[in-house]
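**Student:**
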Amino acid sequence: MKTLAVINQKGGVGKTTTVINLSAQLASEGKRVLVIDLDPQANLTVVMTGGQYEFDTSITDVFESAKKHPIVNAIIPAVSNGEPIANLCICPTDIRLSRVIEQSLTKVHRERILLKQLESIASDFDVVVLDCPPNLSLTSVNAMMAADLFLIPVDGGSFSLNGLADLLDALEEVKETDDVNYAVFRNEYAKANKLINNFLDEQLNGLGDKVLKSTIRRSEAIGQASVSGETLLNYQPKSSTISDYRQLSKEVYALLNV
Ligand SMILES: Nc1ncnc2c1ncn2[C@@H]1O[C@H](COP(=O)(O)OP(=O)(O)O)[C@@H](O)[C@H]1O
Ligand SMILES: [Mg+2]
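With my numbering applied, the sequence shown covers 3 to 260.
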């Protein structure tokens with residue numbers, strides 16, 4: 003089992019959208035995938051559980067007491083348009099997550115709660131995909147501890163090289179290495195937007211092969227699918243953007259080295 007964290011402390015760059023559609027792609031290829039919602043805003047949970055927001059056990063309960071609520075109790079089938087998606091499960095979150103995490107400040111090994119829990123289900127899944135919150139909180143540190151690879155979406159509108167440098171610093175610190183396994187890709191790519199594209203190419207140039215060849219185009223269908231509680235694969239299987247996710251999943255899977 004390998005763990006992928008989709009991470010960027012900026013909101014609105016496409017983390018959740020990437021988790022939904024990349025995991026759907028991987029599951030459609032037969033990989034056993036678990037997605038975990040680590041953002042108390044619960045966007046991933048809403049889309050992939052058919053609009054539920056209360057659960058017998060959520061990832062919040064796991065963080066509150068992993069002894070009472072082992073992660074296996076929080077795993078449910080992910081759905082698209084009300085139908086379970088083959089090979090795809092989700093650990094939902096709820097709005098209590100940030101408060102519960104704050105209260106765990108007194109726990110020893112509080113940064114390793116998620117890592118420890120994932121070890122207990124290592125034989126059940128091929129890939130775990132973490133949807134991170136838009137900050138570098140203790141929740142994000144748990145994700146950093148647990149992940150083998152970090153996938154960082156950037157978009158043209160709000161891109162900041164400083165923000166990216168801060169994130170990479172945090173990853174290096176938590177992983178205690180300056181050779182972090184990460185990959186950056188462009189989300190909401192629009193070919194016609196030459197000014198932004200040139201700017202981003204220049205900014206990202208220094209990262210060399212850490213920048214993936216794959217990009218995800220800007221596509222109205224992506225947002226429409228999420229609003230309808232569906233994966234793009236389900237909502238519009240013939241969409242040309244599907245091929246973007248197929249390409250991305252290939253590159254990412256190769257980097258996960260599974
Ligand atoms: N490639 C894309 N094309 C069009 N809209 C997108 C694309 N990626 C994300 N969006 C939209 O942008 C908004 C923010 O995306 P989201 O995945 O929620 O970001 P984050 O999780 O980083 O906050 C959502 O409304 C989503 O539907
Ligand atoms: Mg999100």
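We treat Cβ as the ideally placed atom computed from N, Cα and C, and that holds for glycine.
Tell me, please, whether the segment 106 to 114 touches the segment 8 to 16 by the rule of three or more beta-carbon pairs shorter than 8 Å.
**Tutor:** Taking 8 Å as the limit for Cβ pairs, the verdict is that the segment 8 to 16 does not touch the segment 106 to 114.
**Student:** Can Asp58 be considered in contact with ligand 2, in the sense that its beta carbon sits closer than 7 Å to one or more heavy atoms?
**Tutor:** Not under cutoff, so the answer is no.
**Student:** Ile38 bridges to which residues according to DSSP?
**Tutor:** Beta-bridge pairing links Ile38 to Cys93, Leu132.
**Student:** Using DSSP bridges, identify the partner residues of Phe152.
**Tutor:** Phe152 pairs with Ala7, Tyr184.
**Student:** Quick one, are the C-beta atoms of Gly231 and Gly32 less than 8 Å apart?
**Tutor:** Contact flag unset, no.
**Student:** Which same chain residues end up closer than 6 Å to Met147 when comparing Cβ atoms and leaving out the 5 residues on each side of it in sequence?
**Tutor:** Hits under 6 Å: Glu113, Arg114, Leu117.
**Student:** For Ser162, tell me which candidate among Glu175, Val186, Asp150 has the shortest Cα-Cα distance.
**Tutor:** Among Glu175, Val186, Asp150, the Cα nearest to that of Ser162 is on Val186.
**Student:** Which runs of the beta strand (DSSP E) at least 3 residues long sit entirely within the segment 57 to 111? Give them in chain order.
**Tutor:** Within the segment 57 to 111, the complete beta strand (DSSP E) runs of at least 3 residues are 78 to 82, 85 to 93.
**Student:** Where does Glu222 sit, in a helix, a strand or coil, going by DSSP?
**Tutor:** Helix.
**Student:** Grouping DSSP H, G and I as helix and E and B as strand, with all else coil, what is Asn189?
**Tutor:** Three-state result, Asn189: strand.
**Student:** For Gln27, count the other beta carbons within 10 Å of its own beta carbon; 16 or more makes it buried, fewer makes it exposed. Which is it?
**Tutor:** Gln27 comes out buried.
**Student:** Measuring only from the beta carbon, is Arg188 closer than 7 Å to any heavy atom that is part of ligand 1?
**Tutor:** It does not: the Cβ of Arg188 is nowhere closer than 7 Å to a heavy atom of ligand 1.
**Student:** Restricting to Cα atoms, I'd like to know which of Val131, Leu138, Gln119, Leu120 is closest to Glu104.
**Tutor:** Minimum Cα distance to Glu104 is reached at Leu138.
**Student:** Applying the criterion that 16 or more other CB atoms from any shown protein chain within 10 Å of the CB defines a buried residue, is Phe201 buried or exposed?
**Tutor:** Its Cβ having fewer than 16 others within 10 Å, Phe201 is exposed.
**Student:** Which residues in the same chain as Gly192 place their Cβ atom closer than 6 Å to its Cβ, once the five residues preceding and following it in sequence are excluded?
**Tutor:** A small correction: the amino acid at residue 192 is Ala; Gly does not occupy that position in the sequence shown. For Ala192, where only same-chain residues beyond five positions count, the Cβ hits under 6 Å are Arg220.
**Student:** Among all the DSSP beta bridges, which residues are the ones paired with Thr217?
**Tutor:** DSSP, once it has assigned bridges, lists Arg188 as partnering Thr217.
**Student:** In whole angstroms, what is the alpha-carbon distance linking Thr233 and Tyr55?
**Tutor:** Each residue's Cα considered, the two are about 18 Å apart.
**Student:** Just how far apart, CA to CA, sit Asn207 and Gly225?
**Tutor:** Their Cα atoms are separated by approximately 29 Å.
**Student:** Could you check where the alpha helix (DSSP H) with Glu178 kicks off and where it finishes?
**Tutor:** Looking at the DSSP string, Glu178 is not in any alpha helix (DSSP H), and its letter there is neither H nor E.
**Student:** If you pair each beta-carbon of the segment 91 to 106 with each one of the segment 65 to 80, do three or more pairs fall below 8 Å?
**Tutor:** Short answer: they touch.
**Student:** If you compare alpha carbons, which of Thr243, Tyr237, Gly16, Leu209 is closest to Gly84?
**Tutor:** Considering only alpha carbons, the answer is Tyr237.
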